[in-house]
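Enquirer: Just so you know, the protein sequences line up as chains A and B, in that order.
If you use the numbering used here, the first sequence closes out at 506, no skipped numbers anywhere.
If you use the numbering used here, the second sequence closes out at 506, no skipped numbers anywhere.
Protein chains: 2
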Amino acid sequence: MTAVFQFQEWLTLHSARVEAALENLLDPVSTNPGRLHQAMRYAAQGGGKRIRPLLVYAAGALGDAKPEILDAAATAIECIHAYSLVHDDLPCMDDDDLRRGRPTVHKAFDEATALLVGDALQTRAFEILANANCASDLKLHMISALAAASGSRGMAGGQAIDLESVGKKLDLAGLKQMHAMKTGALLSCAVELGGIAAQLDPGQMQCLEQYSRALGLAFQIVDDVLDATSDSQTLGKTAGKDAANDKPTYVTLMGLDYAQSQAKQLQEEAITSLAGFGSKGQALENLALLVVSRAK
Amino acid sequence: MTAVFQFQEWLTLHSARVEAALENLLDPVSTNPGRLHQAMRYAAQGGGKRIRPLLVYAAGALGDAKPEILDAAATAIECIHAYSLVHDDLPCMDDDDLRRGRPTVHKAFDEATALLVGDALQTRAFEILANANCASDLKLHMISALAAASGSRGMAGGQAIDLESVGKKLDLAGLKQMHAMKTGALLSCAVELGGIAAQLDPGQMQCLEQYSRALGLAFQIVDDVLDATSDSQTLGKTAGKDAANDKPTYVTLMGLDYAQSQAKQLQEEAITSLAGFGSKGQALENLALLVVSRAK
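1. What residue range does the alpha helix (DSSP H) around B:Cys289 cover?
2. Identify the contact partners of B:Met464 in chain A, using a Cβ-Cβ distance below 9 Å as the criterion.
3. Taking the alpha carbon of B:Leu246 as the point to measure from, which residue in A:Asn496, A:Leu264, A:Asp298, A:Arg363 has its own alpha carbon closest?
4. Put B:Leu548 into one of helix, strand or coil per three-state DSSP.
5. May I ask you to list the residues that DSSP assigns as paired with B:Pro313?
6. Can you pull the chain A neighbours of B:Asp456, defined as C-beta to C-beta under 9 Å?
7. I'd like to know whether the C-beta of B:Arg151 is nearer than 8 Å to at least one C-beta of chain A.
8. Counting only C-beta atoms, is B:Thr444 closer than 8 Å to chain A at any point?
9. For B:Thr241, go through chain A and note every residue whose CB falls closer than 9 Å to its CB, in chain order.
10. Tell me whether A:Ala345 is buried or exposed, calling it buried when 16 or more other Cβ atoms sit within 10 Å of its Cβ.
11. Would DSSP call A:Lys386 helix, strand or coil?
12. For B:Leu325, which residues in chain A fall below 8 Å Cβ to Cβ?
13. Are the CB atoms of A:Arg310 and A:Gly256 nearer to each other than 8 Å?
14. 8 Å is my cut-off, CB to CB: does A:Glu183 come that close to chain B?
15. Kindly confirm or deny that the segment 272 to 291 of chain B and the segment 422 to 438 of chain B touch, where touching means at least three C-beta pairs closer than 8 Å.
16. Which one of A:Asp274, A:Ala282, A:Leu476, A:Glu337 has the shortest CA to CA distance from A:Glu229?
17. In angstroms, rounded to a whole number, what distance separates the CA positions of B:Thr439 and B:Gln475?
18. Can you tell me whether A:Tyr421 is buried or exposed, with buried defined as 16 or more other CB within 10 angstroms of its CB?
19. Tell me whether B:Ser422 sits in a helix, a strand or coil according to DSSP, three-state version.
20. Taking DSSP as the reference, what is the three-state secondary structure of A:Val501?
21. Would you identify the three-state DSSP class for B:Gly404, choosing helix, strand or coil?
22. Determine whether the Cβ of B:Asn343 lies closer than 8 Å to any Cβ atom of chain A.
23. Give me the Cα-Cα distance between A:Asn496 and A:Ala485, rounded to the nearest whole angstrom.
24. Output the distance between the C-alpha atoms of A:Ser225 and A:Leu396, rounded to the nearest integer angstrom.
25. Strictly under 8 Å for the Cβ-Cβ distance: is B:Lys349 near chain A by that measure?
26. Would you please verify whether the beta carbon of A:Ile406 is less than 8 Å from any beta carbon of chain B?
27. Could you compute how far the alpha carbon of A:Met211 sits from the alpha carbon of A:Leu418?
28. Please report how far the alpha carbon of A:Gly377 lies from the alpha carbon of B:Asp237, in whole angstroms.
29. Round the Cβ separation of B:Gly369 and B:Ile431 to the nearest angstrom and send it over; I've been treating them as touching at under 8 Å.
30. From this set, A:Gly404, A:Lys451, A:Ala505, which residue's C-alpha is nearest A:Ala275's C-alpha?
31. Taking only the alpha-carbon atoms, compute the straight-line gap between B:Asp320 and B:Tyr252 and give it to the nearest angstrom.
32. Cβ atoms of B:Lys506 and B:Leu445: under 8 Å apart, would you say?
33. Does the beta carbon of A:Ala286 come closer than 8 Å to any beta carbon on chain B?
34. Identify the continuous alpha helix (DSSP H) that holds B:Gly367 and give its terminal residues.
35. At 8 Å on the CB atoms, spell out the chain B contacts of A:Ala358, in chain order.
36. Which chain A residues sit within Cβ distance under 9 Å of B:Leu380?
Set out below in structure tokens:
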């Protein structure tokens, strides 16, 4: 009889692993300029759900990826995510004072420093991958995937579309495309990086893509549901922002009940796409459950 | 008898080459989101001296680097340079309205777009290198060098030190260290990328380092001299900014005459370090002359 997969144990272990990897791979505050490195650590090490790095480890478990490659990929993608949050919170974007229950970087430091923190975290992400201890082709594949997911045809492009959509009322197809770029691309990339590190075959990578597409959409629908139904203290960031900014969301376009049932259905779709991986897919399966049932 | 090296011809040819490479390697405006891609092109294709890409081609000529690798490296480093200018011009940094004789990106578009333009240009730089048509090890070497030069221990770090120095009066050693990171690192990196692409040996790379160190310092001294002696129309950017911001410069710390003679001496040092390359170093030699004698 195989041992029962203990997701809570996996989660505790790998959450600690993410924090250790960030601690090791970010420059220490003792490196000049100290204040910038301190602010970079404030941005990247201030908690958060760590969904993307956890997805890297979970997808890496589908093959036999070397742990240190997964550490590099997990840290790199979290650096990109952290940079996007720091820039997103700036006054010229969302102008947010609160993130992960603490003052945003431009509030805790200053705007110019926050700008540089985001810039330098992005650079560090690519540097970490370029210097990872693994085969050159694997590293380049990961760098290329991360760049495609985070640049103007991915995350940054999605943010640009989001900016243009204020007051314009996107329809459901437009909303989906915007979120597929703004949030979906980086979530998918996390799964992809794990799959690349695990050296999966093209058929397996295709199953992962199906998983990621469903998960990414579910993630955003749940985000919109939480923004509409939760409070700032629970979320650790400003709640009700979408309504306040008159932004279309899955909740405003679908209604709350339908949005919630869609998230559940997408969760099922994500899990179904893992069928071929057998018990090796259990961490990814549980992460899909976690994403849909989360409270923040 | 060898043909006389015609620098003006070389310059015309390679300046056109830079523009063509940018045109080819930046996303077209027809790619969604169009406004972001348009703004990225506005930022990167608005002229400028193109010193960094020209240094890539000139250093590449020391060996037999493949032209398309040099195109990728030249475009990547110009994308990083352009991103740094866009972010540097933002209201929370230098708050500049004029760049290369035209409105800055946040003036021509808006602040949020300028933020994303810088972010996405940085991503594109690494993506271009990762997807370049050459050996994997060469690409990784270039990505690693570019990240080190532009991140928190390089350009972005130098900008952070610059921010902290306002009102604090750096001494000459502090000013040199700040500029070595803020401007010097990326200029050196341009030369290094050319050298990597040309597959030079370690001894040759060391000569290039000497060249770059002298050139980088000369470049910044001349920048300070021009800021103190020229006007905004000639420079294509706001002149007299340093004095207005009460920032220490080579001119305020050394005096104008000494600064000018130092720049000349550094130019000589740069040229001397090329001795071992014979006639292959002529483009680099002429670029050192150009940097010191430029009027903007």
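By construction, the Cβ of each residue, glycine as well, lies at the ideal position given by its N, Cα and C atoms.
In this text the structure is predicted, and so the values were computed from the model without any measurement.
Expert: This is what the structure holds:
1. To locate residue 289 of chain B, count along the second sequence from 1; it is residue 79. Segment 277 to 298, the alpha helix (DSSP H) holding B:Cys289.
2. Here residue 464 of chain B refers to the residue found at position 254 of the second sequence. Under the 9 Å cutoff, chain A gives no residues; its nearest Cβ is about 24 Å from B:Met464.
3. Sequence index remark: in the second sequence, residue 246 of chain B carries index 36 (1-based). Nearest of A:Asn496, A:Leu264, A:Asp298, A:Arg363 to B:Leu246, Cα basis: A:Arg363.
4. Residue 548 of chain B lies beyond the residue range present for chain B, which begins at 211 and ends at 506; the question has no answer from this structure.
5. Counted from its first residue, the second sequence places residue 313 of chain B at position 103. B:Leu308, per the DSSP bridge assignment.
6. In the second sequence, the residue the question calls residue 456 of chain B occupies position 246. In chain order: nothing, as chain A lies at least about 17 Å away.
7. Residue 151 of chain B falls outside the range modelled here, since chain B spans only 211 to 506, and no answer is possible.
8. Translated into positions along the second sequence, residue 444 of chain B becomes position 234. Closer than 8 Å: no.
9. Residue mapping note: residue 241 of chain B aligns to position 31 of the second sequence, counting from 1. Near B:Thr241 (Cβ distances below 9 Å), the residues of chain A are Ser362, Arg363, Gly367.
10. Taking the first residue of the first sequence as 1, we reach residue 345 of chain A at position 135. Exposed, because fewer than 16 other Cβ atoms sit within 10 Å of the Cβ of A:Ala345.
11. Stepping through the first sequence from its first residue, residue 386 of chain A is reached at position 176. Note: A:Lys386 maps to helix in three-state DSSP.
12. Here residue 325 of chain B is taken as the residue at index 115 of the second sequence, counted from 1. Within 8 Å Cβ-Cβ: His297, Leu300, Cys302, Met303, Leu325.
13. Here the question's residue 310 of chain A lines up with position 100 in the first sequence. Here the question's residue 256 of chain A lines up with position 46 in the first sequence. Yes, these two residues count as a Cβ contact at 8 Å.
14. It is not possible to answer for residue 183 of chain A, since the shown part of chain A is limited to 211 through 506.
15. Three or more Cβ pairs closer than 8 Å define a contact, and the segment 272 to 291 of chain B falls short of that threshold against the segment 422 to 438 of chain B.
16. As a first step, residue 229 of chain A is located in the first sequence; it is residue number 19 there, counting from the start. The option with the nearest alpha carbon to A:Glu229 is A:Ala282.
17. As a first step, residue 439 of chain B must be located in the second sequence, where it is residue number 229. As a first step, residue 475 of chain B must be located in the second sequence, where it is residue number 265. Our two residues, B:Thr439 and B:Gln475, have alpha carbons roughly 20 Å apart in a direct line.
18. As a working mapping, residue 421 of chain A is identified with position 211 in the first sequence. A:Tyr421 is classed as buried because its beta carbon has at least 16 other beta carbons within 10 Å across all chains shown.
19. In the second sequence, residue 422 of chain B corresponds to position 212, counting from 1. In this structure, DSSP gives B:Ser422 a helical state, which the three-state scheme calls helix.
20. If you number the first sequence from 1, residue 501 of chain A lands on position 291. Residue state, collapsed to three classes: helix.
21. Against the second sequence, residue 404 of chain B aligns to sequence position 194. B:Gly404 falls in the helix class under three-state DSSP.
22. Here the question's residue 343 of chain B lines up with position 133 in the second sequence. The Cβ of B:Asn343 sits no closer than 8 Å to any Cβ of chain A.
23. Taking the first residue of the first sequence as position 1, residue 496 of chain A is located at position 286. Taking the first residue of the first sequence as position 1, residue 485 of chain A is located at position 275. Answer to the nearest angstrom: the Cα atoms are 13 Å apart.
24. Translated into the one-based positions of the first sequence, residue 225 of chain A becomes position 15. Translated into the one-based positions of the first sequence, residue 396 of chain A becomes position 186. The alpha-carbon atoms of A:Ser225 and A:Leu396 are separated by roughly 19 Å.
25. One-based indexing of the second sequence puts residue 349 of chain B at position 139. At a cut-off of 8 Å, the C-beta of B:Lys349 has a neighbouring C-beta in chain A.
26. Taking the first residue of the first sequence as position 1, residue 406 of chain A is located at position 196. No, no contact with chain B.
27. Stepping through the first sequence from its first residue, residue 211 of chain A is reached at position 1. Stepping through the first sequence from its first residue, residue 418 of chain A is reached at position 208. Note that A:Met211 scores a pLDDT of 45, beneath 50, so its modelled location is shaky; the value from the coordinates is reported in the next line. Approximately 27 Å between the Cα atoms of the pair.
28. For the purposes of this step, residue 377 of chain A is taken as the residue at position 167 of the first sequence. For the purposes of this step, residue 237 of chain B is taken as the residue at position 27 of the second sequence. Straight-line Cα distance between these residues: approximately 27 Å.
29. Within the second sequence, numbered from 1, the residue matching residue 369 of chain B stands at position 159. Within the second sequence, numbered from 1, the residue matching residue 431 of chain B stands at position 221. In the sequence under discussion, the amino acid at residue 369 of chain B is Gln, which differs from the Gly named in the question. Rounded, the Cβ-Cβ distance is 19 Å, inconsistent with contact.
30. As a working note, residue 275 of chain A is residue 65 in the first sequence. Ranking A:Gly404, A:Lys451, A:Ala505 by Cα distance to A:Ala275 puts A:Gly404 first.
31. For this step, residue 320 of chain B is matched to residue 110 along the second sequence. For this step, residue 252 of chain B is matched to residue 42 along the second sequence. B:Asp320 and B:Tyr252: Cα-Cα distance of roughly 13 Å.
32. On the second sequence, residue 445 of chain B is found 235 positions in, with the first residue counted as 1. On the second sequence, residue 506 of chain B is found 296 positions in, with the first residue counted as 1. Taking the C-beta atoms as reference points, B:Lys506 is found nearer than 8 Å to B:Leu445.
33. Start at 1 with the first residue of the first sequence, and residue 286 of chain A comes out as number 76. So no, A:Ala286 is outside the interface.
34. Taking the first residue of the second sequence as position 1, residue 367 of chain B is located at position 157. Looking at the DSSP string, the run of the alpha helix (DSSP H) that includes B:Gly367 is 365 to 375.
35. Here residue 358 of chain A refers to the residue found at position 148 of the first sequence. At a C-beta separation below 8 Å, A:Ala358 has these neighbours in chain B: Glu337.
36. Looking up residue 380 of chain B in the second sequence gives position 170. Ordered by position in chain A, no residue passes the 9 Å Cβ test against B:Leu380, which lies about 13 Å from the chain.
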